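In our numbering, the protein residues as written are 16 to 226. Quick reminder that beta carbons are idealized off the backbone N, C-alpha and C, glycines included. In this text the structure is predicted, and so the values were computed from the model without any measurement.
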């Protein structure tokens, strides 16, 4: 039986990344209260925060009837600048202040991954549950105030970790990335491959047929 992968995320960037890599998947969104989870676990570091949230999302979706018999992948990304954790800004004023602080400098984007194998043993299930982080340092161009204002006005920075993207409008303001570039998009394909292997699944088993 062909394994089924479920992405526990509403991120269009993550699902596009999987689709572009030929990896078949479904998507189910968790109803995790991120602030409550972080407070309950008492985490403060960016990498630990990303891992805790990725696990919470994967475990929440793995409990859903629609995810039964699937490999469930949870992901979460957190940006760190000067050691301070930056999630989604949501508010234009917050996004503007953050981008102004980031321009001409670099920060580290941490993405946590957690995989839960819900398959029954008879269907090849291993019972595996585990995860791993991936990180990359992102170097930003010295943006002008007008560029910052124009970028925030698009709305794109409001709902992404760190207030920027590298696969859409924000890409013009990223000078280079050192590390796992896919982690900056929000899902490391290399980490996913390793976690799937832990569950006894090879990436080629998930590839969609090419026309």
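**Study point:** Environment of residue 141 [buried if 16+ CB atoms lie within 10 Å]
**Key:** For the purposes of this step, residue 141 is identified with residue 126 of the chain shown, where counting begins at 1. By the neighbour-count rule (16 or more Cβ atoms within 10 Å), residue 141 is not buried but exposed.
Review point. Rounded to the nearest angstrom, how far is the Cβ of residue 151 from that of residue 109, given a contact under 8 Å?
Key: Counting from one through the chain shown, the residue named residue 151 turns up at place 136. Counting from one through the chain shown, the residue named residue 109 turns up at place 94. About 23 Å separates the two Cβ atoms, so there is no contact after all.
Check your understanding: What residues are listed by DSSP as bridge partners for residue 146?
Key -> The residue labelled residue 146 in the question sits at position 131 within the chain shown. According to DSSP, residue 146 bridges with 129.
Check your understanding: Contact between the stretch 180-188 and the stretch 129-141: three or more CB pairs below 8 Å?
Key -> no
Exercise for review: Could you tell me the boundaries of the beta strand (DSSP E) in which residue 11 lies?
Suggested key: Nothing in the structure corresponds to residue 11, since the chain is present only between 16 and 226.
Exercise for review: For residue 124, name the three-state secondary structure that DSSP assigns.
Suggested key: What you label residue 124 is simply residue 109 of the chain shown in a count that begins at 1. Strand.
Check your understanding: Terminal residues of the continuous beta strand (DSSP E) containing residue 95?
Key -> Locating residue 95 in the chain shown gives position 80, counting from the first residue. Segment 86-96, the beta strand (DSSP E) holding residue 95.
Practice item. Using only alpha-carbon positions, find the residue among 64, 120, 115, 76 that is nearest to residue 51. Key: To locate residue 51, count along the chain shown from 1; it is residue 36. Comparing Cα-Cα distances from residue 51 to each of 64, 120, 115, 76, the minimum goes to 64.
Practice item. To the nearest angstrom, report how far apart residue 144 and residue 77 are at their CA atoms. Key: As a working note, residue 144 is residue 129 in the chain shown. As a working note, residue 77 is residue 62 in the chain shown. Going by the C-alpha atoms only, they are around 11 Å apart.
**Study point:** Where residue 182 sits in the DSSP three-state scheme
**Key:** Reading the chain shown from its first residue, position 167 is the one you call residue 182. Of the three classes helix, strand and coil, the one that applies to residue 182 here is coil, per DSSP.
Exercise for review: Pull up the distance between the alpha-carbon of residue 91 and that of residue 46, whole angstroms please.
Suggested key: Along the chain shown, one-based indexing puts residue 91 at 76. Along the chain shown, one-based indexing puts residue 46 at 31. Rounded to the nearest angstrom, the two C-alpha atoms are 14 Å apart.
**Study point:** Enclosing alpha helix (DSSP H) for residue 67 [first to last residue]
**Key:** Within the chain shown, the letter at position 52 stands for residue 67. Here the alpha helix (DSSP H) through residue 67 covers 61-77.
Point to revise | Span separating the alpha-carbon of residue 211 from that of residue 160 | key: In the chain shown, the residue the question calls residue 211 occupies position 196. In the chain shown, the residue the question calls residue 160 occupies position 145. If I take the Cα positions, the gap works out to 44 Å.
**Study point:** Test item: CB-CB of residue 178 and residue 114 under 7 Å
**Key:** The residue given as residue 178 occupies position 163 in the chain shown. The residue given as residue 114 occupies position 99 in the chain shown. Yes; because the gap between Cβ atoms is below 7 Å, this pair is in contact.
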